[in-house]
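To start, the structure itself, in structure tokens.
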Amino acid sequence: RGSSQGNSFFVPGATVGTVLMLGALHARRLYDDKKIEEAREKGIELEFHPDVKATFLSFLPLRTISRFWGFLTSVEYPIWLRPHVYNAWARAFHSNLEEAALPLEEYASLRHFFVRTLKEGCRPIDSDPCCLISPVDGTVLRFGELKEAGAMIEQVKGFSYSVSSLLGAKSFLPMTACENIQQESGGEDKSMGDETQKSWWRVSLASPKVRAISPESPMKGLFYCVIYLKPGDYHRIHSPVDWNVLVRRHFSGRLYPLNERAMRTIRNLYVENERVVLEGQWQEGYMAMAAIGATNIGSIELFVEPTLHTNRPRKKLLHSEPPEERVYEPEGNGIMLKKGDEVGAFNMG
Amino acid sequence: STVVLVFQAPVSSANERMPSDFKFCIERGDRIRMGEALGR
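Keeping their order, the protein sequence lines are chains A and B.
Each residue of the first sequence is one higher than the last, beginning at 11 in the numbering used here.
Each residue of the second sequence is one higher than the last, beginning at 2 in the numbering used here.
Spelled out as structure tokens, the structure:
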């Protein structure tokens with residue numbers, strides 16, 4: 011504020027205090043991140059550790075915040091400004107702009123730029139017919155074989171979530187190899203019970219009776235892989251194998267952040283968040299792919315079903331309500347996807 | 002955002018001359034790009 015005594019600028023004490031407090035919090039966060047990085051380098055696993063800040067997140071209207079972020083990033087920039095904005099984004103989040111299919115001036119908004127396609131040949135597809143490729147650019151968080159009955163995936167050390175909660179209770183999730191062995195040794199045939207009428211192909215995938223028809227065929231195990239996409243990564247999703255997508259399930263959920271800190275502090279992160287699950291069959295049996303949204307990247311677009319809209323405003327969100335499900339061509343083979351085909355994209359907001 | 006894949010694959014074969022176990026070819030923390038093999 012101006013004054014006649016010559017003070018041309020005055021910052022109120024409260025503002026100074028707020029800036030100092032935010033600076034201290036940021037410094038503390040950087041210190042914590044450095045400690046985590048050092049621990050990881052020493053081979054120490056991150057452990058689940060709920061905290062008050064994570065609890066506070068559940069009171070925030072994260073879906074509304076996400077949609078507002080989407081609105082902000084949809085604002086079109088003047089052409090002269092676009093390269094500056096996208097270069098700044100690329101510097102901040104380590105994106106490779108040389109891979110973008112179009113000149114930067116042609117991306118009207120940050121949201122448009124975020125789901126950019128890549129130049130031809132930037133992502134060669136592994137041509138080995140026996141391999142399963144990564145559907146996205148990202149960081150491998152977890153992978154392995156699901157061996158226990160009621161298969162669980164570890165979120166971090168000390169906390170796991172069930173695969174059926176992630177994919178849906180009506181999922182056609184087959185039995186693990188261990189369960190198959192138990193069945194062969196005289197255990198109860200769970201897949202042939204009340205659900206017989208519901209899944210003709212669940213039986214064909216899981217039942218050892220069917221497998222016994224061809225004794226040369228190998229025993230099937232159930233595997234998983236979790237890949238995290240950072241904000242600077244290419245955000246389109248591709249098909250990992252040649253497969254037939256039979257069912258799509260949309261879980262309208264929360265939109266917690268999905269970063270490392272959230273993973274350590276929020277229970278059931280992947281099971282609570284909004285997500286789209288595709289289920290189907292590939293040459294080796296069952297295949298499912300779950301795309302999970304976050305606060306900044308809240309909506310998931312499916313190119314195989316353009317009418318699907320996620321992260322919609324709703325008056326009241328009941329997390330117990332069942333997912334919205336669509337069966338693709340119930341009498342046919344569903345939607346056939348080739349390895350490397352574009353399936354969908356994560357959108358901002 | 003995160004993607005989770007869940008899939009069936011062979012774990013053992015009755016035919017010992019043609020082993021067909023599925024093996025991941027990645028490590029935890031690896032950066033991977035679309036189109037690169039996760040496993041064979």
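The beta carbon of each residue, even a glycine, is placed where N, CA and C say it ideally should be.
{"Check": "Applying a beta-carbon distance threshold of less than 8 Å, which residues of chain B neighbour residue 152 of chain A?", "Outcome": "29"}
{"Check": "Taking the alpha-carbon of residue 76 of chain A as reference, which of A:284, A:288, A:354 has the nearest alpha-carbon?", "Outcome": "A:284"}
{"Check": "Closest by CA to residue 172 of chain A, which one among A:166, A:162, A:178?", "Outcome": "A:162"}
{"Check": "What first and last residue would you give for the alpha helix (DSSP H) that runs through residue 97 of chain A?", "Outcome": "92-103"}
{"Check": "Counting only beta-carbon separations shorter than 8 Å, does residue 88 of chain A have a partner in chain B?", "Outcome": "no"}
{"Check": "Are there 16 or more other CB atoms within 10 angstroms of the CB of residue 105 of chain A, so buried, or fewer, so exposed?", "Outcome": "buried"}
{"Check": "Just checking my contact of residue 170 of chain A with residue 289 of chain A at CB under 8 Å: how many whole Å lie between their CB atoms?", "Outcome": "Not quite, the Cβ-Cβ distance comes to about 21 Å (not below 8 Å), so this is no contact."}
{"Check": "I'd like to know if residue 79 of chain A contacts chain B, where contact means its C-beta is closer than 8 Å to some C-beta of that chain.", "Outcome": "no"}
{"Check": "Hey, would you say residue 10 of chain B sits closer than 8 Å to residue 344 of chain A, going by beta carbons?", "Outcome": "no"}
{"Check": "In the DSSP output, what is residue 169 of chain A paired with across the bridge?", "Outcome": "A:166"}
{"Check": "So what's residue 146 of chain A in DSSP terms, helix, strand or just coil?", "Outcome": "coil"}
{"Check": "Comparing C-alpha positions only, which one of A:31, A:267, A:103, A:257 sits nearest to residue 346 of chain A?", "Outcome": "A:257"}
{"Check": "Could you work out which residue in A:115, A:103, A:294 is closest to residue 86 of chain A when comparing CA atoms only?", "Outcome": "A:115"}
{"Check": "So which of A:281, A:358, A:310 has the shortest CA-CA distance to residue 179 of chain A?", "Outcome": "A:281"}
{"Check": "Please list the partners that residue 236 of chain A has in chain B, where partner means a Cβ-to-Cβ separation under 7 Å.", "Outcome": "3, 5"}
{"Check": "Quick one: which chain B residues come within Cβ less than 7 Å of residue 2 of chain A?", "Outcome": "Residue 2 of chain A lies beyond the residue range present for chain A, which begins at 11 and ends at 359; the question has no answer from this structure."}
{"Check": "Using the rule of at least 16 other Cβ atoms within 10 Å of the residue's Cβ for burial, across every protein chain shown, is residue 311 of chain A buried or exposed?", "Outcome": "buried"}
{"Check": "Within the 8 Å Cβ cut-off, does residue 301 of chain A reach chain B?", "Outcome": "yes"}
{"Check": "Which of the three DSSP states, helix, strand or coil, is assigned to residue 176 of chain A?", "Outcome": "helix"}
{"Check": "So residue 356 of chain A is in the alpha helix (DSSP H); what residue range does that whole segment cover?", "Outcome": "Segment 352-357 is the beta strand (DSSP E) holding residue 356 of chain A; no alpha helix (DSSP H) there."}
{"Check": "Spatial neighbours of residue 247 of chain A within its chain, please: CB distance less than 8 Å, with the 5 preceding and 5 following residues excluded, ordered by chain position.", "Outcome": "145, 146, 299, 301, 352, 353, 354, 355, 356"}
{"Check": "Rounded to a whole number of angstroms, what is the C-alpha to C-alpha distance between residue 42 of chain A and residue 153 of chain A?", "Outcome": "26 Å"}
{"Check": "By the 10 Å Cβ neighbour count, where 16 or more other Cβ atoms means buried, how is residue 65 of chain A classified, buried or exposed?", "Outcome": "exposed"}
{"Check": "Between which two residues does the beta strand (DSSP E) containing residue 31 of chain A stretch?", "Outcome": "Element bounds for residue 31 of chain A: not the beta strand (DSSP E) but the alpha helix (DSSP H), 23-51."}
{"Check": "Using beta carbons (cut-off 8 Å, strictly below), is residue 230 of chain A in contact with chain B?", "Outcome": "yes"}
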